[in-house]
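Protein chains in written order, with this note's numbering: chain Z, 1 to 322; chain C, 1001 to 1322.
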């Protein structure tokens, strides 16, 4: 991640990459804080599917707004025009469809595993992203980077350990299968999005985002119909929305845009590191905020953070030696 | 640890190094199993100081036995004669004295921390050995090897986590200080022993061991006088000894000899890795042996073992790239 005396182009690329990575880390951290805040404020009373739909719509609108500014400044070119070919657009629905399937499965996995257990099983995502990144994008990670990746997964899981964590080992076979399948789905969706975005490097990212999010809106509209049609019809689309719901939608939309940027200018590996570090930062913030009330940092969290930090270090070392 | 197309001498050195390392790992593993067995059999009724003394005496006797065989086969030479100069022998009491101080302190640290907590704090030994190895023996570890070493410490600690481990964080300041001081003492004793043994590479290891263990006997005799004089006088030297006590003494003596061999033909870093892996193997054996009774592998143990395995891998990778 260090620009070793490269050219000005290299350095400006590295700067852009750093900024989007930092933005993703900060947004993901604040996301978790909003979730904690919303839990304190009470149960979710709004329908999650409508919120997801609004997140996609907002991202779509923001991409369009950015595009209109670019059109005004640079004029419409081959790279930033919205109209597209069937060949280009045909792949855009795939990630949205995969995420929809994953979100629907999420309701069923809770029959086999509780919410804290699911948080732990979600760390499979790290490994599945690495494996699919290697297979689909055919980018090699060095041996040290693979070691770092396994450490990242082990470290994140260690940091989340508590006295009830061992229960997750009693997850029935169907639960394990679903968790692995969901990790593969979300890993595949992430890596596939990167492949789509990187396939046309000169294409403006806002156009690529616009099409991704249009299909996101379509598939989330389908989710509303499947899951919350009655609730929306009876209570209205915005039932249960509060200030915090609005902030969460805003945050998710901005994080989503940051993820796209990271995939355009960096890659899925950077994305995984960024969100993992964000997870630790959030937990640390939570600890600091309750420290005054006598809460103690758990040994497991300390050990997990150490392992994740070394993983980040090894990842950058591994890159330099390539 | 891999002999890359080296000469026959290199290969035979590597073979010797592997054998002593394996011996240390196996002996340390069985040590822990004996301790578990002895705990099941009931409380320690023998005095630990007399057992320690016998361990030193046995090592001394075994070194002498090895020497007499060598004298018979090769004759007495400059390298294997027992007589020594003041210059050579003057440093041998130092490790024995340091271990004595550490063992005496061990009784006082339990005022601040319980036994499972002390097991966790003992992992400081790993870091102190690495740091003192670097400072005293002036041998460099690569960046990756340092990272691997911190991972070894984090991984071993993670593997030992249980629902009560967080209590160790409430150890008072004096407890932390003593734990760090004890880690430095035992790290220093280990590294110093390596320095003594390696200072005269051609000197026969059995002569070096003989002198080390003579002073071990002297200092342990002092410990008997200080701590268990009354008990030994009233109940006798061998009071409370059982078959398992004898096996433990035998095992400790052989492990001690293996440690010496590792320091002669490998180093303290190999020693630390070997005993850490032994710790995991033991715990795994314990898990397998109670698996039939419905005991489950803890997630923490699994994660810690993963981190330790990667640490071992990184250590060897780091060596190859030097």
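Note that the Cβ used here is the ideal one computed from N, Cα and C, for glycine as well.
Between the stretch 295 to 314 of chain Z and the stretch 157 to 165 of chain Z there are three or more C-beta pairs closer than 8 Å, enough to call the two in contact. The beta carbon of residue 130(Z) sits closer than 6 Å to the beta carbons of 149 from its chain, once the five residues preceding and following it are set aside; these are given in chain order. Chain-ordered, the chain Z residues with CB closer than 9 Å to the CB of residue 1313(C) read 143 and 147. Using a Cβ-Cβ cut-off of 7 Å, residue 307(Z) is close to 1151, 1154 and 1307 of chain C, given in chain order.
Exclusion of the five residues before and after residue 37(Z) leaves 244 as the residues of its chain whose Cβ lies within less than 8 Å of its Cβ. Under the 9 Å criterion on CB atoms, residue 175(Z) is classed as non-interfacial with respect to chain C.
Rounded to the nearest angstrom, the gap between the Cα atoms of residue 271(Z) and residue 318(Z) is 17 Å. Within its own chain, the residues whose Cβ lies closer than 6 Å to the Cβ of residue 1091(C), once the five positions on either side in sequence are excluded, are 1196, listed in chain order. Burial is judged here by how many other beta carbons sit within 10 angstroms of a residue's own beta carbon; residue 1100(C) has at least 16 and is buried. Between residue 274(Z) and residue 28(Z) a beta carbon distance of about 7 Å is seen, short of the 8 Å cut, so the two are scored as contacting. Close to residue 1098(C), with beta-carbon spacing below 9 Å, lies no residue of chain Z; the smallest spacing is near 29 Å. Per DSSP, residue 7(Z) lies in no alpha helix (DSSP H) segment and is marked neither H nor E.
Within chain Z, the residues whose beta carbon sits less than 7 Å from that of residue 1157(C) are 303, listed in sequence order. In chain order, 27 place their CB closer than 6 Å to the CB of residue 254(Z), counting only its own chain and leaving out the 5 sequence neighbours on each side.
Short of 8 Å from the beta carbon of residue 247(Z), and not among the five residues preceding or following it, lie these beta carbons of its own chain, in chain order: 34. Restricted to the stretch 135 to 185 of chain Z, the alpha helix (DSSP H) segments that are unbroken, complete and at least 4 residues in length are 143 to 159, listed in chain order.
Counting C-beta pairs with one atom in each stretch, the stretch 1118 to 1134 of chain C and the stretch 1175 to 1194 of chain C have three or more that are closer than 8 Å, which means they touch.
Annotation for residue 113(Z): 171 and 175 place their beta carbon closer than 6 Å to its own, counting only its chain and skipping 5 residues before and after. For a cut-off of 8 Å, the C-beta gap from residue 1165(C) to residue 1120(C) is around 6 Å, short enough to register as a contact.
Excluding sequence positions up to five before and after residue 125(Z), its CB lies within less than 7 Å of the CB of 183, 186 and 187, all in the same chain and listed in chain order.
Neighbourhood of residue 70(Z) in chain C, by CB distance below 8 Å: empty, with the nearest CB roughly 44 Å away. Annotated as proximal: residue 1063(C) and residue 1207(C), with beta-carbon spacing under 9 Å. Taking residue 1168(C) as reference, the option from 1122(C), 1023(C), 1078(C) and 1252(C) with the minimal CA-CA separation is 1122(C).
Residue-level contact by beta carbon holds for residue 1161(C) and chain Z, with a gap shorter than 9 Å. Cβ-Cβ distances below 7 Å link residue 17(Z) to 265 and 266 in the same chain, with the five nearest sequence neighbours on each side left out; the list follows chain order. Contact of residue 1109(C) with chain Z by beta-carbon distance below 7 Å is absent, the smallest such distance being about 18 Å. Where residue 1072(C) is concerned, the enclosing alpha helix (DSSP H) starts and stops at 1048 to 1074. When Cβ pairs closer than 8 Å are counted between the two stretches, the stretch 46 to 60 of chain Z is seen to touch the stretch 209 to 223 of chain Z, the count reaching three or more. The three-state reading of DSSP puts residue 1266(C) in coil, since its state is none of H, G, I, E or B. The beta-carbon of residue 1137(C) is placed no less than 9 Å from the nearest beta-carbon of chain Z. Annotated as proximal: residue 152(Z) and residue 312(Z), with beta-carbon spacing under 9 Å. Taking the C-beta atoms as reference points, residue 315(Z) is found nearer than 9 Å to residue 145(Z). Minimum Cα-Cα distance from residue 279(Z) among the listed residues 304(Z), 142(Z) and 269(Z) corresponds to 304(Z). Secondary structure note for residue 1240(C): it is in no alpha helix (DSSP H), with a DSSP letter that is neither H nor E. At least one CB atom of chain C sits nearer than 9 Å to the CB of residue 310(Z).
Judged by beta-carbon spacing, residue 1067(C) lies within the 9 Å limit of residue 1080(C), meaning their Cβ atoms are closer than that value.
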